[in-house]
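Numbering (UniProt numbering), first residue to last: 1 to 439.
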Amino acid sequence: MKEQKYFVHGTHCASCELLIEKKLLEMPNIKSVEASSQKGEVLFEYEGEKPDTSSLNKIFRKDGYTFYDKKPENKKFADTSSFMNTVAVAVIIVVGFLLLNKMGLQKFVNVGASSSLPAFLLFGVLAGLSTCAALVGGLVLSMAKQWGEVYADKNTALQRAKPHLMFNAGRLVSYALLGGVLGAIGGKLRLSLTFSAGLVIVVSVMMAFLALQMLGVKAFRRFQITMPKFITRYAADEKNFQGKYMPFVMGALTFILPCGFTITAQGLALLSGSFLQGSLIMLFFALGTLPVLLFIGFSSAKLVSNQKLSGQFLKVAGLVVLFFAFFNINNQLNVLGVSGISSIFAQRSVQNNTNTPSNVQGQAKVDESDLPAIVNGQQVIKMKASASGYSPKYFKVRAGAPIRWEITDIGTSGCTNVIISRSLFDGQIDLTPGKVSVK
Numbered sequence: 001m002k003e004q005k006y007f008v009h010g011t012h013c014a015s016c017e018l019l020i021e022k023k024l025l026e027m028p029n030i031k032s033v034e035a036s037s038q039k040g041e042v043l044f045e046y047e048g049e050k051p052d053t054s055s056l057n058k059i060f061r062k063d064g065y066t067f068y069d070k071k072p073e074n075k076k077f078a079d080t081s082s083f084m085n086t087v088a089v090a091v092i093i094v095v096g097f098l099l100l101n102k103m104g105l106q107k108f109v110n111v112g113a114s115s116s117l118p119a120f121l122l123f124g125v126l127a128g129l130s131t132c133a134a135l136v137g138g139l140v141l142s143m144a145k146q147w148g149e150v151y152a153d154k155n156t157a158l159q160r161a162k163p164h165l166m167f168n169a170g171r172l173v174s175y176a177l178l179g180g181v182l183g184a185i186g187g188k189l190r191l192s193l194t195f196s197a198g199l200v201i202v203v204s205v206m207m208a209f210l211a212l213q214m215l216g217v218k219a220f221r222r223f224q225i226t227m228p229k230f231i232t233r234y235a236a237d238e239k240n241f242q243g244k245y246m247p248f249v250m251g252a253l254t255f256i257l258p259c260g261f262t263i264t265a266q267g268l269a270l271l272s273g274s275f276l277q278g279s280l281i282m283l284f285f286a287l288g289t290l291p292v293l294l295f296i297g298f299s300s301a302k303l304v305s306n307q308k309l310s311g312q313f314l315k316v317a318g319l320v321v322l323f324f325a326f327f328n329i330n331n332q333l334n335v336l337g338v339s340g341i342s343s344i345f346a347q348r349s350v351q352n353n354t355n356t357p358s359n360v361q362g363q364a365k366v367d368e369s370d371l372p373a374i375v376n377g378q379q380v381i382k383m384k385a386s387a388s389g390y391s392p393k394y395f396k397v398r399a400g401a402p403i404r405w406e407i408t409d410i411g412t413s414g415c416t417n418v419i420i421s422r423s424l425f426d427g428q429i430d431l432t433p434g435k436v437s438v439k
């Protein structure tokens, strides 16, 4: 038994490791494999003739991996136009999101525990076009031949497609069921507002690490949260899943395969605190991955065979995910009472608009018309809450006088249906559409 180490370019996560190990172990003379995306290398034991880098590069060309005898130099953006195109597409997507945010439609694209279900559908589509296609799609491709033999006697195309439909049905059922379990666990934990905000920040940091891995930042490859490798290797080995009904079981077990997108969705399902909401979050996420996986299964081909196009898409997705991560972190810092980027700009805007002029003696002039009316000894301030935000965004009040705050919900979203102000009161104000909440 001999040992050989090669360096690999193109790996960025645990899914890449499983994919490389699985394909190498299919070669008859290779007995064991250990791939490391963090180190960018693969170590294997073999008998007989040693597989050289040229033969391995032919095998892994479509997967976007390149093998070297010596450690390759770090490649920077040599193609400036390609880099600019990547940034331009990402900027367009981010600007589009900000416009939707302004119109109160951000709930359909921003991912958070209270996001709308279509947001998780889009998040699943993004996963299906990146790491999910690499691992789960590769798994489907590897099983296509075996499933084809088992169902070869079927007459119609629909009957021959049955294993692929069963595989994806297994995914949908397991994601919905186990997502519900995660949500129920979150509900039993009775998460406080502070803990919930902190958990969202942790999930968002994971999203940022995932994005930086997608962008090829090597320093972040070591930050990976995965199941133990012996479990994921078992789930990724099609030899353990034979028979007419095993595609369903195999699809169900993809819940535990390593994927940063899946882990993020699982964290948000836990944060939802509800069996139903956690179930729907994971179900819609799995539905988002469905079109790509069905396409791969039915066509027995990779969705993206062009390495250059695949690499550009990965970087665009990385930039967009990075933006969403910081967007979520900023929002949760505001919830915790810590000044985020948006609150700093808001404070400056308020200061610029509330500077009080002074008279000749240097005493501040008070314009009573700018102050709220006093009713029954209380200053009454009124605000309208909608999906796009709150109006007015700030008030000028008398110091030392009690305040009655009336908020009318005229159509809030999951991001604006709660008001938190740690400096004024404990807890939160839950808004109800069409009603006036008073604090």
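The beta-carbon is built from N, C-alpha and C at its ideal position, and this holds for glycine as well.
Residue range Lys162 to Lys188 is occupied by the alpha helix (DSSP H) that includes Val181. Ile407 and Met206 have their C-alpha atoms some 35 Å from each other.
In the structure shown, the three-state DSSP call for Met27 is coil.
Using a 10 angstroms sphere on the CB of Phe209, the tally of other CB atoms reaches 16 or more, which defines it as buried.
Apart from sequence neighbours up to five positions away, the residues of its chain that approach Glu45 with a beta-carbon distance below 6 Å are Met1, Glu3, Lys31 and Ser32, ordered along the chain. Note that the C-beta distance between Ala211 and Val320 is below 9 Å.
In the structure shown, the three-state DSSP call for Gln277 is helix. At a Cβ-Cβ threshold of 9 Å, Thr53 and Asp63 do not count as neighbours. If only complete runs of 3 or more residues are kept, the stretch 380-420 shows the beta strand (DSSP E) at 389-391 and 403-409, in order along the chain. Bounds of any alpha helix (DSSP H) do not take in Val438; it lies within the beta strand (DSSP E) bounded by Val436 to Val438. Between Val125 and Val292, the CB-CB gap stays under 9 Å. When the alpha-carbon of Phe60 is set against those of Lys71, Lys23, Val91 and Leu371, the nearest one is in Lys23. Per DSSP, the continuous alpha helix (DSSP H) segment holding Val249 begins and ends at Met246 to Leu253.
Going by C-alpha positions, Val202 is about 26 Å away from Gly40. With respect to the C-alpha of Lys188, the residue from Pro247, Ser274 and Trp405 having the closest C-alpha is Ser274. In the structure shown, Asp370 adopts helical secondary structure according to DSSP, grouped into three states. Its chain contains Ile281, Phe284 and Phe285 as the residues whose beta carbon lies nearer than 6 Å to that of Phe120, once the 5 sequence neighbours on both sides are disregarded; these appear in chain order. Counting along the chain, Phe60 sits inside the alpha helix (DSSP H) bounded by residues Thr53 to Phe60.
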